Amino acid sequence: MAETKFPMEVTLEDVSFYYMESSGDPRASSINQAMQQALFKAVSHFRELSGHPIQKVTFPEMKYSFRLWRYWMTKEPMVFPEELANREGCVSPFQELPKLLVGQSDFTLASLLRLFNDMLPSEKAPWAEKTTKTLLAKIVAKLGDNGVLLYPSHPTSASYHYSSFLRPYNFGYWAVFNVLHLPVTQVPMGLDRDGLPVGIQLGTYLLITFIVGGCKGINNMVNMNIGTYTEGDHLCGLVAPGYRSRGPGFDPKHFQNLSGKHWVCNKFKLSLVGTNEELLE
Numbered sequence: 001m002a003e004t005k006f007p008m009e010v011t012l013e014d015v016s017f018y019y020m021e022s023s024g025d026p027r028a029s030s031i032n033q034a035m036q037q038a039l040f041k042a043v044s045h046f047r048e049l050s051g052h053p054i055q056k057v058t059f060p061e062m063k064y065s066f067r068l069w070r071y072w073m074t075k076e077p078m079v080f081p082e083e084l085a086n087r088e089g090c091v092s093p094f095q096e097l098p099k100l101l102v103g104q105s106d107f108t109l110a111s112l113l114r115l116f117n118d119m120l121p122s123e124k125a126p127w128a129e130k131t132t133k134t135l136l137a138k139i140v141a142k143l144g145d146n147g148v149l150l151y152p153s154h155p156t157s158a159s160y161h162y163s164s165f166l167r168p169y170n171f172g173y174w175a176v177f178n179v180l181h182l183p184v185t186q187v188p189m190g191l192d193r194d195g196l197p198v199g200i201q202l203g204t205y206l207l208i209t210f211i212v213g214g215c216k217g218i219n220n221m222v223n224m225n226i227g228t229y230t231e232g233d234h235l236c237g238l239v240a241p242g243y244r245s246r247g248p249g250f251d252p253k254h255f256q257n258l259s260g261k262h263w264v265c266n267k268f269k270l271s272l273v274g275t276n277e278e279l280l281e
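This is the structure in structure tokens:
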């Protein structure tokens with residue numbers, strides 16, 4: 001694959017969109033109706049804007065997302081128990097768990113669960129590395145240098161605090177892109193009927209498609225045009241604090257620092273304005 005330069009302008013007609021409905025992991029929660037609707041809304045929107053069909057894809061190896069993440073975490077250079085102790089010894093989950101139960105531990109439940117997880121048998125290296133390589137090759141071959149993958153952010157909308165500990169395999173939905181070292185951005189798609197946020201992920205291979213995904217998501221939330229905000233039919237429904245009663249609407253003043261400084265967005269053309277240093281501020 002040839003190296004792609006940082007794009008200054010891109011058109012949606014040149015982008016190929018794909019979507020995947022779920023990871024296929026039977027241990028993860030099923031995709032609920034609100035998340036399905038968010039995904040299909042994005043599929044329909046990009047089909048209309050790009051002018052060409054959006055292909056549904058399946059990568060069978062995605063069902064191993066959590067297991068792959070778990071394996072590759074063992075390859076990190078740091079020793080997690082030592083890091084928790086500021087490299088002045090090791091933290092023992094057996095000592096800290098009783099403290100946590102009475103509110104006297106210095107560590108979170110997530111940290112202790114990670115310590116217990118590290119004590120379990122690890123994934124087999126040959127299988128994990130081969131599966132990771134196969135999955136990455138399939139995604140790269142499908143997306144090429146102009147492809148964007150629409151993928152659920154999570155099986156459900158925002159969940160209750162600590163409930164994710166009871167559904168650990170749902171974590172694989174976003175962890176897999178870390179495993180593959182692929183760029184991905186989260187795009188808000190509004191609220192479900194309970195007022196909880198829903199969204200999708202835009203996964204890519206090369207930077208050009210990452211920018212299309214991120215900028216187009218921003219474009220449809222704000223419809224920015226040299227700092228001008230206009231009401232209209234937008235794909236995304238970013239709801240700022242205090243504006244829930246407006247449904248998908250929000251106060252454009254929250255985006256004052258962003259609008260007009262970096263992005264000039266029209267219906268079919270996205271242009272980047274400003275230096276790389278400004279974008280990293």
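With full-length UniProt numbering, the residue at position 41 of the sequence shown is 41, and numbering never jumps.
Yeah, the Cβ is synthetic: ideal placement off N, Cα and C, and Gly gets one too.
Keep in mind the model is a prediction, meaning the values are calculated, not measured.
Per the DSSP secondary-structure output, residue 55 pairs in a beta bridge with 18. Beta-bridge annotation (DSSP): residue 148 is paired with 17 and 204.
The three-state reading of DSSP puts residue 191 in strand, counting E and B together. Contact between the region 163-177 and the region 37-55 is absent: fewer than three C-beta pairs spanning the two stretches fall below 8 Å. Around the C-beta of residue 106, fewer than 16 other C-beta atoms lie within 10 Å, and the residue is accordingly described as exposed.
Straight across, the Cα-Cα distance linking residue 53 with residue 171 is about 30 Å. Bridge partners of residue 24 according to DSSP: none are assigned. If you look at residue 169, you'll find it isn't in any alpha helix (DSSP H); DSSP assigns it neither H nor E. Around the beta carbon of residue 127, fewer than 16 other beta carbons sit within 10 angstroms, so the residue counts as exposed.
Around the CB of residue 154, 16 or more other CB atoms lie within 10 Å, so the residue is classed as buried. If you draw a straight line from the Cα of residue 15 to the Cα of residue 186, it is about 18 Å long. Between the alpha carbons of residue 88 and residue 82 lies a distance of about 7 Å. The beta carbons of residue 29 and residue 134 sit no closer together than 8 Å.
A straight-line Cα-Cα distance of about 43 Å links residue 150 and residue 104. Relative to the Cα of residue 148, the nearest Cα in the group 122, 200 and 110 belongs to 200. By the Cβ test, the region 109-125 is in contact with the region 93-101, since at least three Cβ pairs between them sit closer than 8 Å. Each residue's CA atom was taken as its position, placing residue 62 and residue 86 some 35 Å apart.
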